[in-house]
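First comes the structure, then the notes that go with it.
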Amino acid sequence: MLTAAKKITLDEYMSMPIGAPYQYINGYLVDWPSRTVDHQIALGNLVQMIMNCEDRLQNKGIYLMGPIEVVLDDQNSFQPDFVYISKERGDIIKDYIYRAPDLVVEILWEKNAYYDLRPKKDAYEKYGVKEYIIIDPIQQNVDLYILKNGVFILEQKAQLTEILKSALLPGFDIEVSKLFQ
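Numbering (my numbering), first residue to last: 5 to 185.
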C-alpha cells in the first residue's frame with residue numbers, strides 16, 4: 005500500500021509538473037510510482053482490443069488511454085489507465101477531464117491496489133461512473149462493476165479463460181487471456 009504523504013489543495017496538486025508521480029486522493033498527495041511492465045502489457049492489449057472492435061461499437065464517444073487527469077472534486081483528481089466518455093458528455097473534456105467519465109478501467113499492481121479498490125472506487129461510484137472495470141494481472145481476472153441506483157454492483161467476474169462483456173458498450177468484449185499475453 006502506498007502512503008499518503010501530505011495534505012494539499014487541488015490547486016497545489018494541479019500546479020505540479022505534468023507527469024509528476026502522484027495522484028490526489030481524498031485531499032492527499034499520494035506517491036504513484038511508474039507502472040510495471042505487466043501493467044503496461046495489459047493496458048496495451050486492452051487498447052488493441054478496443055481498436056479491433058471499434059467498428060462494431062459504432063459509438064461516437066472518446067476513448068483515452070491513461071494516465072489522463074480526471075478531476076472529480078476539490079479533493080480527488082485521479083489518473084486512470086483508460087476512460088471512455090460518450091459523445092453526449094463530451095463537454096466534460098477540456099485540458100483534462102472534469103467530472104466522471106462513463107467508463108473507467110484501472111489495472112491493479114501491488115503498489116496501487118488498495119487505492120483502486122477502495123477510495124478511488126468509492127469516488128467513481130459517488131460521482132457516477134457508469135461502468136468500472138478492474139484488471140488484475142496477478143490473479144489474471146477482470147471485475148466489471150456497473151452503477152445501479154448510485155451503487156456499484158459486481159456484474160461479472162471474468163477468469164482467465166472467460167470473456168468479460170461490457171454492459172455500457174455492447175460489442176466490447178474482453179478476452180481475459182489476451183490481456184496477459
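From the three backbone atoms N, C-alpha and C, an ideal C-beta is built for every residue, glycine too. Please read all numbers here as calculations on a predicted model, not as lab measurements.
Margin query: Taking a contact to mean a Cβ-Cβ separation below 7 Å, would you say GLU179 touches ALA171 in this structure?
Written below: Here the question's residue 179 lines up with position 175 in the sequence shown. Here the question's residue 171 lines up with position 167 in the sequence shown. With contacts defined as CB atoms closer than 7 Å, GLU179 and ALA171 fail to qualify as a contacting pair.
Next item on the list: From the DSSP output, in three-state form, read off VAL133 for me.
Entry: Against the sequence shown, residue 133 aligns to sequence position 129. Note: VAL133 maps to coil in three-state DSSP.
Item checked: Spatially closest choice to ASP126 from LEU151, GLU114, LYS11 and GLN144, by CA coordinates -> Stepping through the sequence shown from its first residue, residue 126 is reached at position 122. Cα-wise, what sits closest to ASP126 is LEU151.
Check: For ASN49, which of helix, strand or coil comes out of DSSP?
Finding: As a working note, residue 49 is residue 45 in the sequence shown. Three-state DSSP puts ASN49 in a helix.
Margin query: DSSP three-state label for MET20, please.
Written below: Residue numbering aside, residue 20 sits at position 16 when the sequence shown is read from its first letter. The DSSP-derived three-state label of MET20 is coil.
Item checked: N- and C-terminal bounds of the beta strand (DSSP E) containing LEU151 -> Against the sequence shown, residue 151 aligns to sequence position 147. LEU151 -> beta strand (DSSP E) spans 145 to 152.
Item checked: Helix, strand or coil at ASP177 according to DSSP, with G and I counted as helix -> Here residue 177 is taken as the residue at index 173 of the sequence shown, counted from 1. DSSP places ASP177 in strand when its eight states are reduced to three.
Next item on the list: Taking only the alpha-carbon atoms, compute the straight-line gap between HIS43 and PRO141 and give it to the nearest angstrom.
Entry: The residue labelled residue 43 in the question sits at position 39 within the sequence shown. The residue labelled residue 141 in the question sits at position 137 within the sequence shown. Straight-line Cα distance between these residues: approximately 7 Å.
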